[in-house]
Amino acid sequence: AATRQDVDALIRRFDENSDGVLSLDEFSDLMVACEHGGSMLDAFRQVDVSADGFIDSFELGNLLGQTGQPVSESDVQRILASVDTNRDGALDYGEFSRLMRTWQQQQQQQ
Numbered sequence: 007a008a009t010r011q012d013v014d015a016l017i018r019r020f021d022e023n024s025d026g027v028l029s030l031d032e033f034s035d036l037m038v039a040c041e042h043g044g045s046m047l048d049a050f051r052q053v054d055v056s057a058d059g060f061i062d063s064f065e066l067g068n069l070l071g072q073t074g075q076p077v078s079e080s081d082v083q084r085i086l087a088s089v090d091t092n093r094d095g096a097l098d099y100g101e102f103s104r105l106m107r108t109w110q111q112q113q114q115q116q
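Residues in the sequence shown are numbered from 7 upward in steps of one, following the working numbering.
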C-alpha cells in the first residue's frame, strides 16, 4: 500500500505550479503516465541524461536531434519556452509528457 509520503511525492511530481493540489491538467498528466504503464516515465528518464529530474535545453536538443530534422538552438529554446509552464528553464515530467502528447497528436493528424 502507498504511504502518505508516496502520495505526497506523486503529487509533487505532477504539481507543476507547486500549490499542493493537482489541477485537471496536472491530474491528466498523472493519468497519462499511468495509462502508458510507465512508458512515458521511462522515456523521460532516458532523455534526462543528468538524472536530475528535469530536461534542460541540452537534453531537449539531443532529443529533437534524434528526429532527423535539423534543429537550431533557437528552435530548442522556442519549444522549451512553449511548454515550460513554470518558467524554470527546464522541463519537469508533467511538461515533458504534455510535449510528448502534443507531438503524438500532431503525428496522428498527418
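Built from N, CA and C at the ideal position, the CB exists for glycine as well.
Quantities reported herein were computed from a predicted structural model and do not represent experimental measurements.
| Taking residue 96 as the reference, which of 82, 78, 16 has the closest Cα? | Translated into positions along the sequence shown, residue 96 becomes position 90. Minimum Cα distance to residue 96 is reached at 82.
| task | Name the residue from 29, 98, 111 whose alpha carbon lies nearest to the alpha carbon of residue 56. | result | Within the sequence shown, numbered from 1, the residue matching residue 56 stands at position 50. For residue 56, the nearest C-alpha among the options comes from 98.
| task | Could you tell me which residues DSSP pairs with residue 69 in its beta bridges? | result | Working through the sequence shown from its first residue, we reach residue 69 at position 63. DSSP, once it has assigned bridges, lists no residue as partnering residue 69.
| Expected contact under 8 Å - CB spacing of residue 130 and residue 91 to nearest Å | Residue 130 is absent from the model: the chain starts at 7 and stops at 116.
| Within 10 angstroms of its Cβ, does residue 103 collect 16 or more other Cβ (buried), or is it exposed? | Here residue 103 refers to the residue found at position 97 of the sequence shown. The residue is buried, with at least 16 neighbouring Cβ atoms inside 10 Å.
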